[in-house]
Every structure is written in C-alpha cells, then in structure tokens.
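Residue numbers (the numbering used here): 689 to 844. Ideal Cβ positions, reconstructed from N, Cα and C, are used throughout, including at glycine. Below is one structure, written out as structure tokens, with a few remarks after it.
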C-alpha cells in the first residue's frame with residue numbers, strides 16, 4: 689500500500705461528504721457575490737475579472753491575460769473588445785515589438801478599478817469582522833492550508 693492510499697483511508701465518509709458540501713456552498717456563495725458584483729458595476733464577470741488584473745500591473749498583453757483567465761485567444765479578444773468599447777482600456781503598440789499590443793487602463797478604467805477594489809475590501813472586511821482576532825488568524829491559516837491542499841490536488 690502506498691502513502692496516498694493510507695492518507696485516503698484516513699478520510700471518513702462523513703468528512704468527505706461534509707467537505708464536499710462546504711466547498712459547494714462556498715462556491716455557490718462566491719458565484720452569487722460575483723453575479724451581484726457584475727450587476728453592481730455593470731460589467732460581465734469575465735470583463736470584471738480581467739479589469740482586476742490591473743491592480744498590480746500597468747500594462748498587460750492579450751496573451752498573458754488569457755493565460756491568467758484560462759481562456760482561449762478568441763474569448764480573450766472579445767473580453768478586451770468589451771472593455772475597450774466601455775472606454776475602460778486602451779490598446780497601444782509595444783515600443784519594443786510592434787506585433788504586440790499592450791493593454792492599459794484609461795482614466796475611466798482606473799476609476800472603475802478603484803470602485804471595485806473598495807467594494808471588495810469592504811465586503812471582505814465585513815466577512816472577517818464577524819470573528820474575533822484569534823479566530824480570524826486561524827481562519828486565514830486554514831484557508832491558506834486549504835488552498836495549498838487544493839493546488840496539490842490539481843494533478844488529479
């Protein structure tokens with residue numbers, strides 16, 4: 689018997705069912721929040737997610753955006769066109785390689801990004817404020833552990 693089989697046996701049917709139910713409920717809650725957020729900011733979810741990539745970036749390319757979003761080139765083109773039609777981004781030629789278009793936020797896009805960030809920060813602050821400081825630290829530690837476990841499970 690290998691190590692992974694031993695680990696699998698340690699998980700009871702109850703734990704497995706409870707974990708699956710909780711993950712499904714969390715996912716549903718996140719989906720509902722994303723739908724609300726899309727409606728609040730009058731942006732389709734994909735465009736909103738793409739906009740959020742500019743939190744830490746001044747410029748993006750369609751290629752690195754599509755990799756981050758895990759979508760194909762044609763889908764990314766539609767997302768970028770949607771953001772451009774809304775006046776939230778500009779495309780400019782890369783000064784080092786004219787074959788590549790760099791995507792940057794317009795002033796309107798920067799303002800929208802700040803609004804979304806304020807909304808998300810407040811929402812997350814409300815969620816975290818429901819538990820005391822000690823529980824909050826445990827919660828964050830456990831969520832980090834869950835993320836690591838889920839990332840290691842990607843191979844399956």
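What span of residues does the alpha helix (DSSP H) with residue 752 cover, start to end? In the chain shown, counting from the first residue as 1, residue 752 sits at position 64. That run of the alpha helix (DSSP H) goes 750-757.
Rounded to whole angstroms, how far is the Cβ of residue 790 from the Cβ of residue 776, which I believe are closer than 8 Å? Here residue 790 corresponds to residue number 102 of the chain shown, with the count starting at 1. Here residue 776 corresponds to residue number 88 of the chain shown, with the count starting at 1. About 15 Å; that fails the 8 Å criterion.
Rounded to whole angstroms, what is the Cα-Cα separation between residue 708 and residue 714? On the chain shown, position 20 is the one that residue 708 refers to. On the chain shown, position 26 is the one that residue 714 refers to. If I take the Cα positions, the gap works out to 10 Å.
Whole angstroms are fine: how far does the CA of residue 747 sit from the CA of residue 701? To locate residue 701, count along the chain shown from 1; it is residue 13. To locate residue 747, count along the chain shown from 1; it is residue 59. Residue 701 and residue 747: Cα-Cα distance of roughly 48 Å.
If you pair each beta-carbon of the region 830-838 with each one of the region 756-769, do three or more pairs fall below 8 Å? no
Just list the alpha helix (DSSP H) runs in the region 714-777, keeping only unbroken ones of 4 residues or longer that don't cross its boundaries, in chain order. 733-740, 750-757 and 761-773
Since residue 872 and residue 711 should fall inside the 8 Å C-beta cutoff, what is the C-beta to C-beta distance between them, to a whole number of angstroms? Because the chain is modelled from 689 through 844, residue 872 falls outside the range shown and cannot be assessed.
So, for residue 753: in the same chain, excluding its five sequence neighbours on each side, which residues have a beta-carbon less than 8 Å away from its beta-carbon? Counting from one through the chain shown, the residue named residue 753 turns up at place 65. Same-chain partners within the cutoff: 738, 741, 764, 767, 768 and 791.
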